[in-house]
Structures are given as structure tokens and as C-alpha cells.
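I have placed the structure first, in the form of C-alpha cells, so that the comments after it can refer back to it.
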Amino acid sequence: MKPTALRLAPCLLASVFVAMPHAGHAQTLAGWGSRLLGDTTDFSIGAAARVTPRYPGSDDHRVEILPVLSVQRGIFFADTSRGIGLQWQSESGFYASQSVFYDFGRVQRNSPFRPGSRKLAGLGDVPDSVTTRTLLMQQFTPDFSVSAEAEFALESGARRNRYRLGAEYNLLKTSADTVSLSADVHAGDRRYNQAYFGVTPQQASRTRFAAFNAGSGVYGYAIGASWSHALAPHWTTSLQVSALRYVDNAEHSPLVVRRTSVTGGAAVTYTY
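Under the numbering used here, the first residue of the sequence shown is numbered 10, with each subsequent residue one higher.
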């Protein structure tokens with residue numbers, strides 16, 4: 010949804026009161042206002058721990074302790090995994106969202122907060138950037154969906170785009186437990202792949218890495234599994250594990266020490 014929709018919502022709500030004499034028109038506008046702003050606010054808070062490679066292709070790992078925060082009302086949402094944005098879902102199961110997020114880039118030192126490693130000294134940092142993220146998803150059955158995602162870096166010195174195409178299937182879904190499997194294809198434009206997997210001649214001259222030109226296209230295939238369990242009416246625990254196999258534009262990069270990377274995590278959330 011375009012940013013102008015944010016300015017449109019208050020106008021719609023105001024027009025409900027302006028048009029009070031026209032009952033049918035007022036009810037229509039009130040209905041639209043309810044769809045835009047919702048009737049309730051969903052709020053979740055918690056904490057998560059994740060073990061992940063220090064950077065894409067690294068053979069070293071780091072442990073991250075992350076906050077979990079999610080607020081949703083109507084078409085608006087803000088959370089730590091998707092950013093801040095707008096979402097919409099049709100009765101046929103089609104879902105779309107547009108959000109502002111953040112790409113932390115990569116640093117040439119060991120960092121508890123950003124991807125990176127001191128083994129990359131001399132390469133320079135991959136600059137971080139505010140990003141815009143578009144997600145489209147279609148629910149074909151209650152247990153099967155496919156999705157497509159694109160993320161675009163907005164900083165002028167960090168322009169790069171990444172893409173993902175995936176599918177998810179619920180193996181088990183009960184009132185207390187959900188077990189899901191996922192499969193994804195990851196790709197990037199030339200600037201994205203070069204930033205994370207390429208080595209320029211200038212970088213090669215001051216490091217131990219050979220020069221490598223990473224073109225645009227697919228760089229990895231991933232599979233994953235997740236399990237969420239409702240401990241109580243408001244408490245939920247979740248476990249996730251995923252494996253990413255680097256291919257094509259990444260597998261021959263001198264920066265990719267381990268061609269298959271594994272990430273695992275656990276979270277506890279409280280929703281009210």
C-alpha cells in the first residue's frame with residue numbers, strides 16, 4: 010500500500026461523523042474504518058536466543074539474545090521480525106504487506122550485534138541500510154502456502170536487492186501445537202551478491218582472499234522446520250532450525266568456508 014494510505018485513514022474516520030445524516034453512507038465508511046484500524050490491538054512480547062553463522066558462509070557461529078515484540082491493529086503492524094508497515098489479507102487467503110526494515114550489513118570484526126568476523130579484516134564493511142520489504146503470500150489450503158518476498162536497500166551507498174521464493178506446509182496443527190516445514194530459494198541482484206560473496210581486486214590485494222566476481226541470481230536453497238507450543242492461554246514457546254546450501258553465485262566464493270550453514274533458535278512469547 011502506498012504511503013498516501015496512511016493519510017487517508019484519518020480522513021475516512023472523520024467522514025463518518027461528517028456524513029451522520031446519511032445513515033447508509035455512514036455505515037459504509039464506519040465499516041471501512043473498522044477494516045483499516047481494526048477493533049482490537051494484538052500485542053506480544055518475549056525473548057529469543059539464536060545460534061547463527063557469524064556471516065554468510067562462515068564456519069564460526071555466534072549466539073544472539075534478541076527481544077521479541079509485535080503490535081498489530083487492523084492493517085498496521087510493527088514487530089522485530091518484519092519491521093513497521095501495512096498488511097492486508099483477503100477472504101480467499103491472499104496476503105500482502107509492505108514494511109520498512111533494516112539490513113545490518115557485515116563488519117570486519119567479531120560483533121555481538123552485527124554479522125561479521127575478524128577473519129574478514131581488510132575487506133571493509135558492507136554498509137548497513139534501511140530497507141523496504143514487500144511480501145506476497147497465497148494460502149492454498151489451511152496447511153499449505155507459497156510466498157514471494159523482495160527487500161530493497163534504500164541508502165545511496167548500499168543499494169542492493171535480495172529476493173526469496175518459498176513454500177510452507179503444516180505437518181501438524183492442533184489447539185496447542187503447530188509443526189511446519191518450509192523450503193526457500195534465495196537470490197540477489199549483482200550488487201547484493203557482490204557485497205556478501207564477492208571480492209574485488211582491490212580487496213584481494215590487501216587480504217588473503219582471491220578476487221571473485223559474484224553475478225546476479227540464485228545464491229542458496231534453504232529448508233527449515235519449526236514447532237510452536239501453547240503453554241497457557243497467553244504463553245507460547247517456539248523452536249526453529251534451518252539449513253541453507255550455498256550454490257551458483259556463492260558456493261565458489263573464497264568467503265564461503267562452509268557451503269551449508271545451519272541456524273537454530275528458541276523463543277518464549279506472551280500475548281495479550
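All C-beta atoms in this analysis are idealised placements derived from N, C-alpha and C, irrespective of residue type, glycine included. Bear in mind the structure is a predicted one, so any value in this text is a computation, not a measurement.
Presumed contact (8 Å Cβ cut-off) between residue i and residue j, rounded CB distance
i, j, result
"residue 233", "residue 251", "3 Å"
"residue 202", "residue 165", "Contact doesn't hold; Cβ gap of about 19 Å is too wide."
"residue 213", "residue 220", "4 Å"
"residue 103", "residue 147", "5 Å"
"residue 195", "residue 231", "6 Å"
Boundaries (first-last residue) of the beta strand (DSSP E) holding residue i
i, result
"residue 147", "138-150"
"residue 6", "Here the chain comprises residues numbered 10 to 281, so residue 6 is not present and cannot be evaluated."
"residue 156", "153-162"
"residue 176", "170-182"
Start-to-end residues for the alpha helix (DSSP H) that takes in residue i
i, result
"residue 200", "199-206"
Beta carbon of residue i nearer than 8 Å to that of residue j
i, j, result
"residue 272", "residue 80", "no"
"residue 227", "residue 179", "no"
"residue 138", "residue 163", "yes"
"residue 176", "residue 191", "yes"
"residue 279", "residue 53", "yes"
"residue 255", "residue 265", "yes"
"residue 58", "residue 275", "yes"
"residue 247", "residue 207", "no"
"residue 115", "residue 64", "yes"
"residue 197", "residue 169", "yes"
"residue 82", "residue 50", "yes"
"residue 110", "residue 140", "yes"
"residue 237", "residue 187", "yes"
"residue 108", "residue 92", "yes"
"residue 135", "residue 205", "yes"
"residue 152", "residue 128", "no"
"residue 84", "residue 144", "no"
"residue 55", "residue 77", "yes"
DSSP bridge partner residues for residue i (one or two, in chain order)
i, result
"residue 76", "56"
"residue 48", "Paired residues: none, contrary to the question."
"residue 216", "Per DSSP, none; premise fails for residue 216."
"residue 234", "190 and 250"
"residue 227", "196"
"residue 71", "61"
"residue 81", "51 and 86"
"residue 245", "239 and 278"
Which ranges does the alpha helix (DSSP H) cover as unbroken runs of at least 4 residues, wholly within the segment 84-143, from first to last along the chain? none
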